[in-house]
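Peer 1: Residue numbers for the sequence shown follow our numbering, so the first one is 522 and each next one is one higher.
No residue lacks a Cβ here, since even glycine has one placed at the ideal position from N, Cα and C.
Got a structure for you, questions after.
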Amino acid sequence: MVAATERLFAQEQAPDVDLSVKIGHMLMMGFRGTQIDTDHHIVRDIQKYHIGGVILFSHYAPDKVSTRNNIQSATQLQALIATLQSFAPTPLLVAIDYEGGQVSRLNEDQGFPPTVSHGHLGELNDLANTRSHATIMARTLAQLGINLNLAPVVDLNTNPKNPVIARFERSFSGNADLVTRHAVEFIKAHAEQGIFCTLKHFPGHGSSTNDSHLGFTDITNTWSVGELKPYSKMIKANLADVIMTAHVFHSGMDDTYPATLSRAILTDMLRHEMGYDGVILTDDLQMKAITNFYGFDAAIQHAIEAGVDMIMLANIADYYDADLAVRAVNVIEQLVRDGIISEQRIDQSYRRIARLKQRLQENPTLRVTDPQSPDVLYFPETGHTLHGIFLNYWLAHGGLAMFGFPLTREFAEQGITVQYFERVRFEYHPGATHSVGTVMLGVLGREAAEARHGELPFEPAIKGVRKGRYFPETGHHLSPLFEDYWDEQGGLALFGYPISEPFRDVSQIDGHPYLVQYFERVRLEHHPEHAGTPYVVIPGMLGLESLRARGWID
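Written out as structure tokens, the structure is:
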């Protein structure tokens, strides 16, 4: 695949690149199917018509509840993307709408981590939290093989009744500087994982009173020049991999065409005045703001004339067209043959797309299993790694002595990003406001105790029947043997409430009896053989025991 990318880049300005290859690269196509083989039309589109990218969806219209499009689970999606790339002579751009919150094609019911909206992040206005949240999102994409996120939204939230932006909390804020700051963190988090981002929807959709998915959307009287500020700043900072157009109309900018089809907006303003030379991608050209007023051929022609590099045809309209890419290629080829579109114009877009794809080679995705990354801590003892916010949490709260070695990679479990360690389970909770931040320990203690329901130590105790601080929330005392450790190491925020009385129990690990006490998130154990060391009290191996009980580990 790398060799193919090198060939593409080496040839990007070569006159002998076939016109059909250049034209095909200008298309980003949607398709139906959770798995594909050589009989699927998308394989033909990749191999024969050289499409430049694909866009993935959870569902297709009209039934958005029960009808799966491309995504069922992480394992299935990884396999689908790998299969798509295996048919591609040069790497595909694999795109998805993964803004967070309500606009996310990777959902909890499919086993992916929960996400929050741009609006939520903007309201919190914590740049570190935005960075951490975006890092988890980007890592999810990287592990799946997705290399282009159709986010962040940099529209300004200037109309609280906006039916497509404000309604779904898709904007960080109505303040351009705040939008820019959070978008920068979002983009940098993705860049660290080798994921491209898309600024949208140019020149601004936040002020609109209509939804361009449904029809004509005029922003002439609502749009303000401040909506260009995030774009300008990120273009200057070289943080604009891709910019997506909006199908919005502004008579002061162009009295004939909406932005997607407007040379005045895309070439004169975005290219020449704002200095952008990256990839311009349309929003879905099958949205009704386009299809209600322009035929298929005319829309493609005007988009290319306007300065668009890639045309998105999502293929999620009421009628599914397996030959959509073929039709689009034929239209563009005919436009070139007729002299309406010059091959030089096609070359301009091809070069930009080729440059973007070359960066896939120059900035390979950082995998969690890459022990060479400076931001990754690799453990040869178990063959697993720690990085990002889980690494930061591990280092800040006791490291190896507290948590043990990692036993798994990060993965989605019941909609939460988790990682198992010998003693605990880390969980990522975006937007959490508890005292230890967005990472917290899973309730392994509670889960283990549920399997021992009815045993005397787990029954609520009467206050004062034994020494120790009493917690009426669970009806248990905190043993004086464990109290200092519990307080010093993080107390309630880290370990949770006691859910048993102290009692002697035989270890599943070494077969020896120890005095133990269960808490919601850990089991504390007293080891007198470690007298004189800091390890007289240590958390038990609940993580290891949990994985063994599932048969995941020996």
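1) Per DSSP, residue 784 forms a beta bridge with which residues?
2) According to DSSP, is residue 938 helix, strand or coil?
3) Name the two residues that bound the continuous alpha helix (DSSP H) containing residue 554.
4) Tell me the residue span of the beta strand (DSSP E) that contains residue 801.
5) Using CA coordinates, which residue listed in 751, 712, 685 is at the minimum distance from residue 697?
6) Check whether the segment 838-846 touches the segment 755-771, counting contact only when three or more Cβ pairs, one atom from each stretch, lie closer than 8 angstroms.
7) Write down the C-beta distance between residue 703 and residue 651 rounded to the nearest angstrom, noting that I regard them as a contact closer than 8 angstroms.
8) Let me know if residue 744 comes out buried or exposed under the rule of 16 or more other beta-carbons within 10 Å of its beta-carbon.
9) For a test of the three-state rule: what should DSSP assign to residue 925, helix, strand or coil?
10) Does the segment 824-841 come within contact of the segment 785-805, defined as at least 3 CB pairs closer than 8 angstroms?
11) Please go through the same chain and pick out, in chain order, the residues whose beta-carbon is closer than 6 angstroms to the beta-carbon of residue 707, but skip the five residues on each side of it.
12) State the start and end residues of the unbroken beta strand (DSSP E) segment that holds residue 616.
13) Rank 597, 612, 603 by C-alpha distance to the C-alpha of residue 549 and give the top, closest one.
14) Would you say residue 692 and residue 808 are within 7 angstroms of each other, going by their C-beta atoms?
15) Taking 6 angstroms as the limit between beta carbons, can you name the residues of its chain near residue 1002, skipping five residues before and five after?
16) Would you kindly work out how many angstroms separate the C-alpha atoms of residue 927 and residue 1060, rounded to a whole number?
17) Does the segment 856-875 come into contact with the segment 555-572, if we say contact requires no fewer than three beta-carbon pairs (one atom in each stretch) closer than 8 angstroms?
18) I'd like to know if the segment 1043-1057 and the segment 927-941 are in contact, where contact means that at least 3 CB-CB pairs between them fall below 8 angstroms.
19) Rounded to whole angstroms, what is the Cα-Cα separation between residue 624 and residue 658?
20) At the level of alpha carbons, what is the spacing between residue 626 and residue 619?
21) Using a 10 Å radius around the Cβ and a threshold of 16 neighbouring Cβ atoms, would you call residue 1023 buried or exposed?
22) Considering only residues of the same chain and omitting the five flanking positions on each side of residue 653, which have a CB-CB separation below 7 angstroms?
23) Give me the Cα-Cα distance between residue 859 and residue 824, rounded to the nearest whole angstrom.
24) Is it buried or exposed for residue 664, if we count other Cβ within 10 angstroms and need 16 for buried?
25) Since residue 839 sits in a beta bridge, which residues does DSSP pair it with?
26) Could you give the first and the last residue of the continuous alpha helix (DSSP H) run that contains residue 847?
27) Would residue 1065 and residue 943 be called neighbours here (beta carbons separated by less than 7 angstroms)?
28) What separation, rounded to the nearest whole angstrom, lies between the Cα atoms of residue 1021 and residue 1039?
29) What's the gap between the Cα of residue 1072 and the Cα of residue 1062?
30) Between which two residues does the beta strand (DSSP E) holding residue 1076 run?
31) How would you label residue 741, buried or exposed, when you count the other beta carbons within 10 angstroms and need 16 or more for buried?
32) Determine the direct distance from the alpha carbon of residue 900 to that of residue 1009, and round the result to whole angstroms.
33) For the pair the segment 678-690 and the segment 808-822, tell me if three or more CB-CB distances fall below 8 angstroms.
34) Among the residues of its own chain, which have a CB less than 8 angstroms from the CB of residue 877, if the five just before and after it don't count?
35) Given that a residue counts as buried once 16 or more other Cβ atoms are within 10 Å of its Cβ, and exposed if not, what is residue 906?
36) Could you check what DSSP says for residue 977 in three-state terms: helix, strand or coil?
Peer 2: Let me spell this out:
1) Answer is none; residue 784 lacks a bridge partner.
2) strand
3) That residue, residue 554, is in no alpha helix (DSSP H); it is neither H nor E in DSSP.
4) 800-802
5) 751
6) no
7) 5 angstroms
8) Buried.
9) coil
10) yes
11) 655, 673
12) Start and end: 614-617.
13) 612
14) Result no, Cβ atoms of residue 692 and residue 808 do not sit closer than 7 angstroms.
15) Around residue 1002, the same chain offers 1047 as residues with beta carbons nearer than 6 angstroms, after the five sequence neighbours per side are excluded.
16) Their Cα atoms are separated by approximately 15 angstroms.
17) no
18) no
19) 13 angstroms
20) Their backbone Cα atoms lie some 6 angstroms apart in a straight line.
21) buried
22) 910, 959
23) 17 angstroms
24) buried
25) Beta-bridge partners of residue 839 (DSSP): none assigned.
26) 845-858
27) In this structure, residue 1065 sits near residue 943, with a CB-CB distance shorter than 7 angstroms.
28) 5 angstroms
29) 16 angstroms
30) Residue 1076 falls outside the range modelled here, since the chain spans only 522 to 1075, and no answer is possible.
31) exposed
32) 27 angstroms
33) no
34) Spatial neighbours of residue 877 in its own chain (CB-CB distance under 8 angstroms, excluding positions within 5 residues in sequence) are listed in chain order as 614, 717, 762, 763, 799, 800.
35) buried
36) Per DSSP, reduced to three states, the secondary structure at residue 977 is helical.
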